[in-house]
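Enquirer: So that we are looking at the same thing, I have put the structure below in structure tokens.
Numbering (our numbering), first residue to last: 287 to 514.
Now the structure itself:
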């Protein structure tokens, strides 16, 4: 069975998508994640990846997915927060993540939100592509494999909530923060297709499983075509 290592896994939004695409999933994150629905290693994701590579245990995996912390390059940090003088310094883990992924010799996926994170945007996925109740744009760098990007469908309206003091209604909810018309926990669960956790912080950090289900299926198809 194909097996994916899910690094910086949080509560398993990415992992669940790979599961739906037919992968066995193992997660790793620094925090205790009792809601994570698959086998889980608590610890530093990059140290764990380095250990697996050094011991050869990385060879049990078909694909590695990594969602390193993105605060240094996300749109909120470089936009509103910077202009208002909010927040602090954030460490960029993307470069070191890529270096260690390259050392594995395996195909990989690095996920980041829109912004200036230093990744190639080989894929950009959006909730509207999958009929979801969130926009939640995410970019993906693909290492040692590739696939065409699906068509980015036109958004059907606004994300519900206040922006610059103006309230707008719309078909999408804001799955981050609290107040100002942002999504409740049940709304986030429904909008993203995540049912196994009701922890607000885990939901706000998650990517919809539909994204990695699509990626996992595309990867399997691409690899099969190479074998043929």
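For glycine and all other residues, C-beta sits at the position ideal for the given N, C-alpha and C.
Treat the numbers as computed from the prediction; the structure is a model and nothing was measured.
Could you tell me which residues DSSP pairs with residue 458 in its beta bridges?
Expert: Residue 458 sits at position 172 when you count from the first residue of the chain shown. Looking at the DSSP assignment, residue 458 forms a beta bridge with 445.
Enquirer: Once you ignore the five residues that flank residue 304 on each side, which residues in its own chain have a CB closer than 6 Å to its CB?
Expert: Your numbering for residue 304 matches position 18 in the chain shown. Answer for residue 304: 290, 311, 498, 502, listed in chain order.
Enquirer: Any beta carbon of chain C sitting closer than 8 Å to that of residue 422?
Expert: In the structure shown, chain C cannot be found, because there is only a single protein chain.
Enquirer: Where does residue 351 land, buried or exposed, given buried means 16+ other C-beta within 10 angstroms?
Expert: Taking the chain shown and counting its residues from 1, one reaches residue 351 at position 65. Classification for residue 351: buried.
Enquirer: Can you tell me whether residue 336 is helix, strand or coil according to DSSP?
Expert: Mapped onto the chain shown, residue 336 falls at position 50. DSSP places residue 336 in helix when its eight states are reduced to three.
Enquirer: Here's the rule: buried if 16 or more other CB atoms are within 10 angstroms of the residue's CB, otherwise exposed. What is residue 300?
Expert: Residue 300 sits at position 14 when you count from the first residue of the chain shown. It counts as buried.
Enquirer: Tell me which residues share the same chain as residue 410 and place their Cβ nearer than 6 Å to its Cβ, disregarding the 5 neighbours each side in the sequence.
Expert: Sequence index remark: in the chain shown, residue 410 carries index 124 (1-based). Same-chain partners within the cutoff: 425.
Enquirer: Could you spell out the range, first to last residue, of the beta strand (DSSP E) harbouring residue 352?
Expert: Here residue 352 refers to the residue found at position 66 of the chain shown. Counting along the chain, the beta strand (DSSP E) containing residue 352 begins and ends at 349-352.
Enquirer: Among 302, 308, 292, which one has its Cα closest to the Cα of residue 507?
Expert: For the purposes of this step, residue 507 is identified with residue 221 of the chain shown, where counting begins at 1. Closest option to residue 507, Cα to Cα, is 308.
Enquirer: Taking the Cβ atom as the reference point for each residue, do residue 332 and residue 397 lie within a distance shorter than 8 Å?
Expert: Walking along the chain shown from the start, residue 332 turns up at place 46. Walking along the chain shown from the start, residue 397 turns up at place 111. Cβ distance not < 8 Å, so residue 332 and residue 397 don't count as in contact.
Enquirer: Would the region 413-432 count as touching the region 455-475 if we require 3 or more Cβ pairs under 8 Å?
Expert: Because the criterion of three Cβ pairs below 8 Å is met, the region 413-432 and the region 455-475 touch.
Enquirer: In whole angstroms, give me the CA-to-CA distance for residue 438 and residue 412.
Expert: Translated into positions along the chain shown, residue 438 becomes position 152. Translated into positions along the chain shown, residue 412 becomes position 126. Roughly 7 Å separates the two Cα atoms.
Enquirer: Residues in its own chain within less than 8 Å of residue 453 by CB, not counting five upstream and five downstream?
Expert: The sequence position of residue 453 within the chain shown is 167, counting from 1. Counting only Cβ-Cβ distances below 8 Å, and skipping sequence neighbours, we find 447, 467.
Enquirer: In chain order, what residues of the same chain have a beta carbon less than 7 Å from the beta carbon of residue 369, not counting five sequence neighbours either side?
Expert: Here the question's residue 369 lines up with position 83 in the chain shown. Unreliable positioning characterises residue 369 in this predicted model, as indicated by a pLDDT of 42, which lies under 50. The coordinate reading is nonetheless provided below. Closer than 7 Å at the Cβ level, and outside the excluded window around residue 369, lies no residue.
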